[in-house]
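The structure appears below as C-alpha cells.
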Amino acid sequence: MPSPFDDDTAARELLERLRWPDGPACPRCDARGPDVFKIGGEKHSHRDGLYQCKPRRHQFTVTVGTALERQRIPLSTWVRAAHEFSYEGPAYGKGKDRKLKPPPLTELQPRIGVSYPTVLHIRDVIEYAARRYRGHKTGFGAWPRSFMKGAGTWLPDYDPRKRKRLAEGKDPSQHTIMAAHILADVMSEYKTADTPAAFDRTEVLLRLLLATPPKARSAQAPENAALWC
23 MPSPFDDDTA
33 ARELLERLRW
43 PDGPACPRCD
53 ARGPDVFKIG
63 GEKHSHRDGL
73 YQCKPRRHQF
83 TVTVGTALER
93 QRIPLSTWVR
103 AAHEFSYEGP
113 AYGKGKDRKL
123 KPPPLTELQP
133 RIGVSYPTVL
143 HIRDVIEYAA
153 RRYRGHKTGF
163 GAWPRSFMKG
173 AGTWLPDYDP
183 RKRKRLAEGK
193 DPSQHTIMAA
203 HILADVMSEY
213 KTADTPAAFD
223 RTEVLLRLLL
233 ATPPKARSAQ
243 APENAALWC
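Just add 22 to wherever you are in the sequence shown, counting from 1, and you've got the working numbering.
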C-alpha cells in the first residue's frame, strides 16, 4: 500500500478521512450522502478526487475551502511538510521557561524535498493557519505553536467566566483540534523510526490546514512548485 508521504492518491485519501470522517460533504451547502457523488471512470477526464454536489451542481475536492486550496504543491509534499514542521527542535531555557525550539528551515527543506522558496511558502501557509487558531496548543509541534496566540487563561468548569465563554462559543476547548490517531494507524503498517505521537502532531497540523479557509488567490505558491492539486 502506498504511503501518504510519497503517493498523492494515498495523501488525498488520508486528507479525505481527516476532513470527512462520515463521507464527503459539499463545502458550500454541506450536502452529503446520496447528494454527493464522485466523478470518475473511463469516460471522464477529470482530476483525481473530484466530487459533485447534486443540489448546487458544484464540483469540489478535499482541498476546496481550506488553506490548501489552489496550492501548486502535491498533496504528498504537504503531508511530508506537515510532518517535518511538527518535529520538535532542541530545548532551550530552564524551569518553567524551558521551550522546544522549531528546527531551522534549512534542515526541513531537504527532508521535505522542495526548493527553499517553496519551503518558505509552506511556512507562510502554516503561519496563516496557526495565527487564526483559537484552541489550545496541546498536540502541535514547535513550528505551529510558535505562531499561535495564547488560548487565554484556563478556567475551571464551575467558573462563571468559563460558562459565559462557552455560551458565546469563545472558550478554547470549543476550538481545540485533537488527533484521532488516523495517520498513526496508517503508518503502523510501515517500518519507521517515528513514534505515534509524532504522527499525531502531523495529523493535528493537517487538520488545522483543512479547517482554515483559503488565503486570497494572489498568495500562491512559487512558480517553480508543482502542478495544481
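Using N, Cα and C, we set each Cβ at its ideal position, and we do this for glycine too.
First through last residue of the alpha helix (DSSP H) which encompasses residue i
i	result
V141	Y138 to R153
V101	L97 to E106
Q131	L127 to I134
F169	A164 to F169
Under the three-state DSSP convention, the category residue i falls into
i	result
H197	coil
N246	Low per-residue confidence applies at N246: pLDDT is 47, beneath 50, and the placement is therefore not dependable, though the value from the model is reported in the following sentence. The answer is coil: DSSP assigns N246 none of H, G, I, E or B.
F59	strand
R34	helix
R50	coil
L11	Because the chain spans 23 through 251 in this model, residue 11 falls outside it and cannot be assessed.
P24	coil
L40	helix
C251	Confidence at C251 is low in this model, with a pLDDT of 43, below 50, so the placement of that residue is unreliable and no value is reported for it.
Cβ-heavy atom distance, residue i to the ligand ADP, below 6 angstroms
i	result
H158	Annotation note on the ligand ADP: not contained in the displayed structure, which lists no ligands.
Beta-carbon spacing of residue i, residue j below 7 angstroms
i	j	result
A164	L230	no
F221	A233	no
E38	V84	yes
H143	T198	no
R187	D179	no
I61	E106	no
P125	Y109	yes
L227	P182	no
P46	V58	yes
V75	A103	Checking the sequence, you will find Cys at residue 75 rather than Val. No. Outside cutoff.
E91	P218	no
R156	F169	no
P225	A189	Inspection of the sequence shows that residue 225 is occupied by Glu rather than by Pro. It is not a contact, given that the beta carbons lie outside the stated cut-off.
G238	V147	Going by the sequence as given, residue 238 is Ala instead of Gly. Contact flag unset, no.
Enclosing beta strand (DSSP E) for residue i [first to last residue]
i	result
Q81	H80 to F82
Y73	Y73 to C75
>> In chain order, what are the residue ranges of uninterrupted alpha helix (DSSP H) at least 4 long that sit wholly in the stretch 175-234?
In response: 182-189, 204-209 and 218-233, all fully within the stretch 175-234.
>> Counting beta carbon pairs with one atom in the stretch 136-143 and one in the stretch 75-91, are three or more of them shorter than 8 angstroms?
In response: no
> Between the stretch 27-39 and the stretch 91-98, are three or more C-beta pairs nearer than 8 angstroms?
Replying inline: yes
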